[in-house]
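With the working numbering applied, the sequence shown corresponds to residues -10 to 177, in that order. Glycine included, C-beta positions come from ideal geometry on N, C-alpha and C. Note that this is a predicted model, so its numbers are computed, not measured.
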Amino acid sequence: MRYHCQINLFAVALLFTLGGISHSLLAKSGEAATTQADDWSIMAAFLQENQFDVDMATIAVKRSAGKDVKDLAEMIVHDHTQIGHRAEALQATLGWKQASQGSAAVPPARERVLAELQVTAPHDFDDLYLQHERDFSKGFVHVVKTQWLPTVQHPQFKAFLTDVIKQLDEHMAHMSHIEGIPDPLQRH
């Protein structure tokens, strides 16, 4: 009887242990799902922001009067279109459902910026575009560096964002050159 009682206690202890392990595994798989959801949400926001920059630059390609501004806009359209393709390929590689992208998801403030760029007088357009582009780029780089990169868990996504930041920094340097503002990354 004593032996039978010890076996039952052992069985109960084993069940509690296995229950604790399975609970721990379930919690970790829940964390993994949450982490993937967080990364997926960041990817969706990234694609939306990237598309907004393409949309602004596309307008600038059509409406800019200055060669330097038009060249900057063409570079942004090209580079950000490629970045968008790379992001979509990364989603496919990671098996993530494709995050929405495009003008349907554009917040009202962004719609106003795009509308303003469409109707601005030609002699004011380049300055307005450069202002919007500079403000957007600074904000975008700040969010990627301070919020998204520290949060992203998937190593490939983190590497992708790190690479994109380098490209955005190059765009900022090019924009500063156009505006006659010294590039703080270059030493004189």
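According to DSSP, is residue i helix, strand or coil?
i      : result
Lys134 : helix
Lys127 : helix
Ser53  : coil
Val141 : coil
Gly73  : helix
Lys86  : coil
My assumption, with CB atoms under 8 Å, is that residue i sits in contact with residue j. Please give the rounded CB distance.
i      : j      : result
Ile154 : Val58  : About 23 Å separates the two Cβ atoms, so there is no contact after all.
Ser126 : His160 : 6 Å
Have a look at residue i and residue j and give me their C-alpha separation to the nearest angstrom.
i      : j      : result
Phe149 : Ala76  : 8 Å
Ala54  : Asp60  : 11 Å
Asp44  : Leu103 : 8 Å
Ala110 : Leu83  : 45 Å
Phe129 : Ala81  : 24 Å
Ile31  : Trp137 : 7 Å
Asp28  : Gly73  : 16 Å
Asp68  : Ala62  : 10 Å
Pro144 : Leu79  : 11 Å
Asp116 : Asp42  : 16 Å
Ser165 : Pro96  : 27 Å
Pro139 : Ala34  : 15 Å
Classify residue i as buried or exposed, calling it buried when 16 or more other Cβ atoms lie within 10 Å of its own Cβ.
i      : result
Arg101 : exposed
Asp113 : exposed
Ala98  : exposed
His131 : exposed
Gln40  : buried
Gln37  : buried
Glu122 : buried
At which residues does the alpha helix (DSSP H) containing residue i begin and terminate?
i      : result
Ala104 : Pro97 to Val108
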